[in-house]
Amino acid sequence: MIDDRIYFIEQGGFFYKEKEEKKYIYSNDPEQLNNLGLDENFRKQFDIKLSDKIKNCNILNLYAAKNVKAYNFVGLASYKGKVIEILPKIMKQFNNPEGIKKDDFDETIKNMSKKLMFMLSYIKSTDIYSNGMANQKLLTSPFLEVFILLYAKKLHALLLAHFKNSYRIIEDNLPVLKGKILWNKQIRYNYVNRHKFYQEYEEFDENHLMYIIFKTVSFYLINKTTLSENKVLLSQIISILENVDTYDLEESDFKKIHFDRQNIIYEEVFNLGHALYFEKIPSITKAENDFFAIFFDMNKVFEEFIFRFASAKFPQFNLHWGGRENIFKNDNNKNDNNRQFIEFDITKKNKNNKKYLKIYDAKNRLSNAGNKIDSNYIYQMIAYMTISKAKSSCLIYQGIDNENDIAPLNVDCKNGTKMTIEKKHINIFSNGKDKGKGKDKDKDKGK
Numbered sequence: 106m107i108d109d110r111i112y113f114i115e116q117g118g119f120f121y122k123e124k125e126e127k128k129y130i131y132s133n134d135p136e137q138l139n140n141l142g143l144d145e146n147f148r149k150q151f152d153i154k155l156s157d158k159i160k161n162c163n164i165l166n167l168y169a170a171k172n173v174k175a176y177n178f179v180g181l182a183s184y185k186g187k188v189i190e191i192l193p194k195i196m197k198q199f200n201n202p203e204g205i206k207k208d209d210f211d212e213t214i215k216n217m218s219k220k221l222m223f224m225l226s227y228i229k230s231t232d233i234y235s236n237g238m239a240n241q242k243l244l245t246s247p248f249l250e251v252f253i254l255l256y257a258k259k260l261h262a263l264l265l266a267h268f269k270n271s272y273r274i275i276e277d278n279l280p281v282l283k284g285k286i287l288w289n290k291q292i293r294y295n296y297v298n299r300h301k302f303y304q305e306y307e308e309f310d311e312n313h314l315m316y317i318i319f320k321t322v323s324f325y326l327i328n329k330t331t332l333s334e335n336k337v338l339l340s341q342i343i344s345i346l347e348n349v350d351t352y353d354l355e356e357s358d359f360k361k362i363h364f365d366r367q368n369i370i371y372e373e374v375f376n377l378g379h380a381l382y383f384e385k386i387p388s389i390t391k392a393e394n395d396f397f398a399i400f401f402d403m404n405k406v407f408e409e410f411i412f413r414f415a416s417a418k419f420p421q422f423n424l425h426w427g428g429r430e431n432i433f434k435n436d437n438n439k440n441d442n443n444r445q446f447i448e449f450d451i452t453k454k455n456k457n458n459k460k461y462l463k464i465y466d467a468k469n470r471l472s473n474a475g476n477k478i479d480s481n482y483i484y485q486m487i488a489y490m491t492i493s494k495a496k497s498s499c500l501i502y503q504g505i506d507n508e509n510d511i512a513p514l515n516v517d518c519k520n521g522t523k524m525t526i527e528k529k530h531i532n533i534f535s536n537g538k539d540k541g542k543g544k545d546k547d548k549d550k551g552k
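For the sequence shown, counting from 1, position 115 maps to 220 in the working numbering; every step adds exactly one.
Structure, rendered in structure tokens:
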């Protein structure tokens, strides 16, 4: 029986396990997906399920003219008894016409998952799209640690920004009056003990149910994860909630939490924590309508990672993420909707931030194998440098190594302006065997 787990490649084909389960085969043949149960009707229903979280999702294009593609998003989904993982583009370079041995394939996926988590550890603003699920079993999956990381990162950021106490209603029989006397119980319990007041009062503290759930889930996950990054984040969450109780949670505890405008920001991470605590990470199930999905836009992840990683490693370069410039400098139209702008991924400026020194453009794709820059990107970078008045630019691609880095391309414009365009590769998903090249890559990133 063919394994129901299918590994799609972002902007590529897919891997599936051979019947003998000794190796994984790469294919871009839509007909093979029929054999795996992923027909056109499946794709449409799959996209409809995702559409409430991701506008115009259309993640799986199963019937393209020549091949099969998964667009932009990377992540995992379980639907109708099928488990689908969409991996970064770089996985396509591991394609072997004869297939990949199962152990080698599993090791590659495991390594890729760790590198993906390394990237996500730098990300602060990229949206995570997820849907809830029910009645599913824990899956020992490369993405399990990613789920824990996403939970820990998001909750940690929310607690740092929004942690606050809340009013809790308490009933107690006390010798001091703090609130409203409950007369029925006062007469019942204090007919003799007239020095006491059976009362109801509000106490302002952080020990309320939602924080109790977050702390309990975090304790549970810190014993599940094997990655130091996850353990550090979860330990910090537990430290923030040091005055909060913990106890064994039931489904009924989660159902008591109702979200409104004051706590809606916690809803997504709350649902993910619920799924993790009750071991509902998606697996192959008999319930065909069970659905779970978690995706993130790899284009945004790659771009932000490049910026934050480079900024942390080379703080002296004064890098800026994003930014835009008006194409027509003499356009004084104050209405931005009618003005023409060009947007940059990453820029390097001088100390007073008034002058662009270099423009970086992150390309979440595999570059051509030749020692050249695509002509379209040459035009793009010339346009960027012309408008920003920077004299240097760099295209940054995914890559297993930096063999396809090229010497700077010098452009002499007719107006006498000289520009330089570089092409660099960052080996985020390397298998660890090219450590020397990784060092060279870091040096190149600083230039």
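The C-beta atom is built at its ideal place from N, Cα and C for all residues, glycine as well.
Short Cβ contact (8 Å threshold) for residue i with residue j
i, j, result
"Ser-493", "Thr-525", "no"
"Lys-174", "Gln-116", "yes"
"Ile-451", "Phe-412", "yes"
"Ala-398", "Gly-180", "yes"
"Phe-113", "Ile-214", "no"
"Asp-466", "Met-490", "no"
"Ile-501", "Ile-531", "yes"
"Gln-445", "Asn-431", "yes"
"Tyr-382", "Tyr-325", "yes"
"Arg-470", "Phe-449", "no"
"Lys-418", "Leu-338", "no"
"Asp-358", "Leu-314", "yes"
"Tyr-303", "Ile-286", "yes"
"Asn-335", "Ile-253", "yes"
"Asp-350", "Asn-312", "yes"
"Ile-342", "His-425", "no"
"His-267", "Ile-362", "no"
Start and end residues, beta strand (DSSP E) containing residue i
i, result
"Val-179", "178-184"
"Phe-120", "119-122"
"Lys-187", "187-192"
"Ile-61", "Beyond the ends of the chain as shown, which are 106 and 552, falls residue 61; an answer cannot be given."
"Ile-511", "511-517"
"Ile-411", "Note, Ile-411: premise wrong, no beta strand (DSSP E); alpha helix (DSSP H) at 403-418."
"Leu-424", "424-426"
"Arg-110", "110-114"
"Lys-429", "It is worth fixing the name first, because residue 429 is Arg in this sequence and not Lys. Run containing Arg-429: 429-431, per the beta strand (DSSP E) assignment."
Between the CA atoms of residue j and residue i - distance to the nearest angstrom
i, j, result
"Gly-284", "Ile-275", "10 Å"
"Asn-423", "Phe-147", "48 Å"
"Ser-132", "Gly-427", "37 Å"
"Glu-305", "Asn-298", "17 Å"
"Gly-237", "Leu-377", "Reliability fails at Gly-237, whose pLDDT of 47 lies under 50, so the model's placement of it is uncertain and the value that follows must be treated cautiously. Each residue's alpha carbon lies about 8 Å from the other."
"Ile-205", "Gly-504", "20 Å"
"Ala-239", "Leu-354", "Reliability of the predicted coordinates at Ala-239 is poor, the pLDDT of 33 falling under 50, and no value is obtained from them."
"Val-516", "Lys-529", "17 Å"
"Leu-243", "Leu-255", "The predicted position of Leu-243 is uncertain, since its pLDDT is 34 and thus under 50; a value taken from the coordinates is nonetheless stated next. For Leu-243 and Leu-255, the distance between alpha carbons rounds to 17 Å."
"Ala-380", "Met-224", "23 Å"
"Asn-368", "Thr-321", "18 Å"
"Asp-209", "Glu-126", "13 Å"
"Lys-128", "Lys-122", "6 Å"
"Ala-415", "Phe-199", "27 Å"
Helix, strand or coil at residue i according to DSSP, with G and I counted as helix
i, result
"Leu-500", "strand"
"Leu-165", "strand"
"Tyr-256", "helix"
"Asn-133", "coil"
"His-530", "strand"
"Gly-541", "Because the pLDDT at Gly-541 is just 36, under 50, the model does not fix this residue reliably, and the point stays unresolved."
"Glu-126", "coil"
"Gln-445", "coil"
"Phe-199", "helix"
"Lys-548", "Only weak support is given to the placement of Lys-548: the predicted model assigns it a pLDDT of 37, under 50, and the question is left unresolved by the model."
"Lys-477", "coil"
Exposure of residue i, with buried meaning 16 or more beta-carbon neighbours within 10 Å
i, result
"Lys-60", "A query on residue 60 cannot be resolved here, the shown segment of the chain reaching from 106 to 552 and no further."
"Ser-472", "buried"
"Asn-177", "buried"
"Lys-458", "Note on residue identity: the sequence assigns Asn, not Lys, to residue 458. It is exposed - the Cβ of Asn-458 has fewer than 16 other Cβ atoms within 10 Å."
"Thr-331", "exposed"
"Thr-522", "exposed"
"Ala-495", "buried"
"Ser-323", "buried"
"Lys-124", "exposed"
"Tyr-461", "buried"
N- and C-terminal bounds of the alpha helix (DSSP H) containing residue i
i, result
"Tyr-316", "314-327"
"His-379", "372-382"
"Asp-353", "It is not in any alpha helix (DSSP H) - Asp-353 carries neither H nor E in the DSSP assignment."
"Thr-491", "480-493"
"Ile-153", "145-155"
"Asn-289", "288-294"
"Arg-470", "Not the alpha helix (DSSP H): Arg-470 falls in the beta strand (DSSP E), residues 461-471."
"Asp-208", "207-225"
"Glu-334", "333-345"
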